[in-house]
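The numbering used here numbers the first residue of the sequence shown as 282 and each following residue consecutively. Beta carbons: idealized from backbone N, C-alpha and C, even for Gly. None of these values were measured; they are calculated from a predicted model. Report on the structure given below.
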Amino acid sequence: MDGFVTKRAEFRESEAKLQVVAECMSEGLIIFDENGTVLFHNPESSRILGFPPEQDGFYRSDELSVEWQGWDEDGVLLPFDRWPIGRVLKGERIHNQFLHAERTDKGVIFDARYNGSPIYGESGEFLLGFITMRDVGEEVRSQRELASAHDLLRGVTDTIPGLLFAKDREGRMILVNQLAEEAIGKTRSELIGRTDAEIVDDAVQAEAFMANDRRIMNAGIAEQVEETLPLPTGTVATWLSTKAPVRNADGAVTGLVGMAVDITARKAADAELLTLNDRLVRQSAQLTDANEQLKEALAQSVRAADELRLVTHELLHMSRRAAMGDMAATIAHEINQPLGAISNYLSGSLRLLKNEGFEGPALQAIGRANDQCLRMSEIIQRVRSFVSGGDSDRRAESISVLVDEACELALLGARNNSITVLVEHADADMVVLVSRVEIQQVIVNLVRNAMEAMNGAKAATLQLTTSHGPGTILMVSISDNGPGISSAVCERLFEPFVTTKGIHGMGIGLSVSRTIIEDHGGKIWADNNAERGATFRFTLPQVNEEVME
């Protein structure tokens, strides 16, 4: 006991100096003797432990095991001899030991990291022990919140109905969801930190993935690509991948994030649909109603013309090649056969009337009706050829005749019968080498657009002109006095899916028209008129008389 008093007295002599230093420390400081009795602790340790500085002895070993409980980082309950003070009393040096401690009777809970060491005398006896403690409660809470956020992110990504992944600038995986693990056949730990070259067995396919990633990160623009990947089952799946660059606060691309959806079944369905369409065309049935009278034949001609107009309008608004192919097959099946029958009826009627000696306007009208039937059949065949990518049959044609016939066809069944139509040709002998049906398709589309723009307008005027351009260029102009073209869509008017008709248009007709004109070596554009309305113009190369011959 005398030794303890002496030690305490000696310690008290330097306590004032120690107090000044200890109070400035950002970490808690505890000094204790060989029995575990606390000789000194600074204000920071008092704050962490929840005790006032004057309460000496609260940290003795005989009360630690009873009143306190502590756990390590893995949540394992520690006996006292594994606590920082217990380990120092056993002669151990401790470094960065974590302890979560609770004293339920005082309501004290803290998380801290400890460093400590024993101090020995000259004879090797244990003189003092000290430990420093750093409050890491905020760090622990932040780590727990981060872990919770990570678990939430993982839960969200694992519920996404597609493959979700993220890569750094070098193409290394930094995030994958559960579906990506299952599709690739590797665990998260086998994927994170590795490139496609290290993950995918097929080197060619791996390079294709990485080439797409590099292109998107270099361009800095999101993109959709179709990619194939063998599944663990051995089957090859087709994925529609949407990939976008990831940027840091400075705007630099640091990687990319992507999501892929399995479209294998959809691709198979598209292929099956094309097969069925081809089979439908090949198996078109012969017309069975061969005994219709001339009156019914003429009525069918009118109905067929209306149906052709509607079908052609819809065809110009198809956004996908497969859908357009399906429509072309439907046209062939539903219209070609009736048109053939109508043409046969009209041809037979002409022969009968001529044999009977009839002449005059009625005979001419029947002949013109037969010509229109043949023209409608030709349009159907050309539309099918255009949809399937077939070569167009181009011939030398009079541009004035093409414009006149197309205008007449476009005005057929017009809802606004009050439109004044003016047609002016600078030179009736101007000739172009074109696909007749395709160019008339463009003219019909532009004329009908102009008519729709003037629907309900007073003094509506539609003007079609053909003129010479520079050199050997011919120009066709279709002008109206409608409301004109909105500035919001003027520059993008000929792009797919851009329309001035709201929900009633799909924005395909002008895009198709541009494709046709440019395929013929010409250009197409539109301008608002100075006073009112708009004018669409397109050019075509003129051919000389040698081509005509």
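Going by DSSP, what residues sit across from Thr820 in a beta bridge? As a first step, residue 820 is located in the sequence shown; it is residue number 539 there, counting from the start. Secondary-structure assignment with DSSP links Thr820 through a beta bridge to Met756.
For Ala709, which residues in the same chain have their Cβ closer than 8 Å to its Cβ, ignoring the five residues on either side in sequence? By one-based count along the sequence shown, residue 709 stands at place 428. Here the set comprises Ser679, Ser681.
Outcome for Asn377 when other beta-carbon atoms lying within 10 angstroms are tallied against a minimum of 16: In the sequence shown, residue 377 corresponds to position 96, counting from 1. By the neighbour-count rule (16 or more Cβ atoms within 10 Å), Asn377 is not buried but exposed.
Terminal residues of the beta strand (DSSP E) in which Phe321 lies: Counting from one through the sequence shown, the residue named residue 321 turns up at place 40. From DSSP, the beta strand (DSSP E) with Phe321 extends over 319-322.
Would you call Asp392 buried or exposed, if buried means 16 or more other Cβ atoms sit within 10 Å of its Cβ? Within the sequence shown, residue 392 is the residue found at index 111, counting from 1. Residue burial is scored here from C-beta neighbours: Asp392 has at least 16 other C-beta atoms within 10 angstroms and is therefore classed as buried.
Where Arg729 falls: helix, strand or coil (DSSP): Taking the sequence shown and counting its residues from 1, one reaches residue 729 at position 448. Residue state for Arg729 is assigned as helix, using DSSP reduced to three classes.
Residue of Lys467, Ile473, Asp494, Asn493 minimising C-alpha distance to Asp482: For the purposes of this step, residue 482 is identified with residue 201 of the sequence shown, where counting begins at 1. Minimum Cα distance to Asp482 is reached at Lys467.
In whole angstroms, what separates the C-alpha of Ser768 from that of Asp808? Position 487 of the sequence shown, counted from the first residue, corresponds to residue 768. Position 527 of the sequence shown, counted from the first residue, corresponds to residue 808. C-alpha separation (whole angstroms): 10 Å.
Pull the bridge partners of Met414 from the DSSP assignment, please. Residue 414 sits at position 133 when you count from the first residue of the sequence shown. Met414 is bridged by DSSP to Gly309, Tyr395.
Measure the C-alpha to C-alpha separation of Glu719 and Met657 and round it to an integer number of angstroms. In the sequence shown, counting from the first residue as 1, residue 719 sits at position 438. In the sequence shown, counting from the first residue as 1, residue 657 sits at position 376. In this structure, the straight-line span from the alpha carbon of Glu719 to that of Met657 is close to 13 Å.
Helix, strand or coil for Asp761 per DSSP? Reading the sequence shown from its first residue, position 480 is the one you call residue 761. Here Asp761 sits in strand by DSSP.
Using 10 angstroms around the beta-carbon of Met306, count the other beta-carbons present and answer buried if the total reaches 16, otherwise exposed. Residue numbering aside, residue 306 sits at position 25 when the sequence shown is read from its first letter. An exposed status is given to Met306, since fewer than 16 other beta-carbon atoms sit within 10 Å of its beta-carbon.
Give me the DSSP bridge partner(s) of Phe407. Position 126 of the sequence shown, counting from 1, holds the residue named residue 407. Bridge pairing for Phe407: Tyr401 [DSSP].
Is it right to say Asn316 is buried, meaning 16 or more other beta carbons lie within 10 angstroms of its own, or is it exposed? Here residue 316 refers to the residue found at position 35 of the sequence shown. Per the 10 Å Cβ criterion, exposed.
In chain order, what residues of the same chain lie with their CB nearer than 7 Å to the CB of Arg675, ignoring the 5 residues before and after it? Position 394 of the sequence shown, counted from the start, is the residue given in the question as residue 675. Cβ within range, chain order: Leu714, Val715, Ser716.
Ordered along the chain, which non-local residues of its own chain (more than five positions away) have a Cβ less than 6 Å from that of Val702? For the purposes of this step, residue 702 is identified with residue 421 of the sequence shown, where counting begins at 1. Only Leu743 meet the Cβ criterion.
Mind the definition here: the region 548-568 touches the region 508-515 only if three or more C-beta pairs lie below 8 Å; say whether that holds. No, the region 548-568 does not touch the region 508-515.
Inter-stretch contact (C-beta, 8 Å, three-pair minimum) for the region 442-455 and the region 418-425: Output reads no: the region 418-425 does not touch the region 442-455.
Any idea if Glu448 is buried or exposed, counting beta-carbon neighbours within 10 angstroms, 16 or more meaning buried? Along the sequence shown, one-based indexing puts residue 448 at 167. One detail in the question is off: residue 448 reads as Lys in this sequence, not Glu. So Lys448 counts as buried.
Can the beta-carbon of Leu745 be found less than 7 Å from the beta-carbon of Cys654? Taking the first residue of the sequence shown as 1, we reach residue 745 at position 464. Taking the first residue of the sequence shown as 1, we reach residue 654 at position 373. Judged by beta-carbon spacing, Cys654 lies beyond the 7 Å limit of Leu745, meaning their Cβ atoms are not closer than that value.
Anticipated Cβ contact below 8 Å, Ile455 with Ile480, distance rounded: Here residue 455 refers to the residue found at position 174 of the sequence shown. Here residue 480 refers to the residue found at position 199 of the sequence shown. That pair is no contact at about 13 Å.
Three-state secondary structure (DSSP) of Pro442: On the sequence shown, residue 442 is found 161 positions in, with the first residue counted as 1. Per DSSP, reduced to three states, the secondary structure at Pro442 is coil, with no helix or strand assignment.
N-terminal and C-terminal residue of the alpha helix (DSSP H) that Leu627 is part of: Residue mapping note: residue 627 aligns to position 346 of the sequence shown, counting from 1. Counting along the chain, Leu627 sits inside the alpha helix (DSSP H) bounded by residues 618-636.
Look at Val417 and Gly397 and say whether their C-beta atoms are less than 7 Å apart. Sequence index remark: in the sequence shown, residue 417 carries index 136 (1-based). Sequence index remark: in the sequence shown, residue 397 carries index 116 (1-based). Cβ distance not < 7 Å, so Val417 and Gly397 don't count as in contact.
Taking the straight line between their C-alpha atoms, what separation do you get for Gln459 and Met540? Working through the sequence shown from its first residue, we reach residue 459 at position 178. Working through the sequence shown from its first residue, we reach residue 540 at position 259. Using only the alpha carbons, I get a separation of about 13 Å.
Is DSSP giving Arg602 helix, strand or coil here? The count along the sequence shown starts at 1 and reaches residue 602 at position 321. Note that Arg602 scores 48 on pLDDT, short of 50, meaning its location in the model is unreliable; the coordinates nonetheless yield the value given after this. It is helical.
Taking the alpha carbon of Gly501 as the point to measure from, which residue in Thr535, Gln721, Glu471, Asp353 has its own alpha carbon closest? As a first step, residue 501 must be located in the sequence shown, where it is residue number 220. Gly501 has its Cα closest to that of Thr535, out of Thr535, Gln721, Glu471, Asp353.
Does the region 793-806 come within contact of the region 758-766, defined as at least 3 CB pairs closer than 8 Å? No, the region 793-806 is not in contact with the region 758-766.
Answer with buried or exposed for Arg818, where buried requires no fewer than 16 other C-beta atoms within 10 angstroms of its C-beta. Counting from one through the sequence shown, the residue named residue 818 turns up at place 537. Arg818 should be labelled buried.
Where does Ser404 land, buried or exposed, given buried means 16+ other C-beta within 10 angstroms? Residue mapping note: residue 404 aligns to position 123 of the sequence shown, counting from 1. By the neighbour-count criterion, in which 16 or more other beta carbons inside 10 Å mark a residue as buried, Ser404 falls on the exposed side.
Buried or exposed: where does Thr413 fall if 16 or more other Cβ atoms within 10 Å of its Cβ makes it buried? If you number the sequence shown from 1, residue 413 lands on position 132. Buried is the call here.
Pairwise C-alpha distance: Phe361 and Asp343: Locating residue 343 in the sequence shown gives position 62, where the first residue counts as 1. Locating residue 361 in the sequence shown gives position 80, where the first residue counts as 1. Because Asp343 carries a pLDDT of 44, less than 50, the predicted location of this residue cannot be relied on, and the following value inherits that uncertainty. Their Cα atoms are separated by approximately 10 Å.
Note down, one range per segment and in chain order, each beta strand (DSSP E) of at least 3 residues found wholly within the region 354-384. Runs found: 375-384.
Cα separation between Gln823 and Asp685? Here the question's residue 823 lines up with position 542 in the sequence shown. Here the question's residue 685 lines up with position 404 in the sequence shown. For Gln823 and Asp685, the distance between alpha carbons rounds to 18 Å.
What would DSSP say about Asp449, mapped onto helix, strand or coil? Here residue 449 corresponds to residue number 168 of the sequence shown, with the count starting at 1. Assigned with DSSP and collapsed to three states, Asp449 falls in strand.
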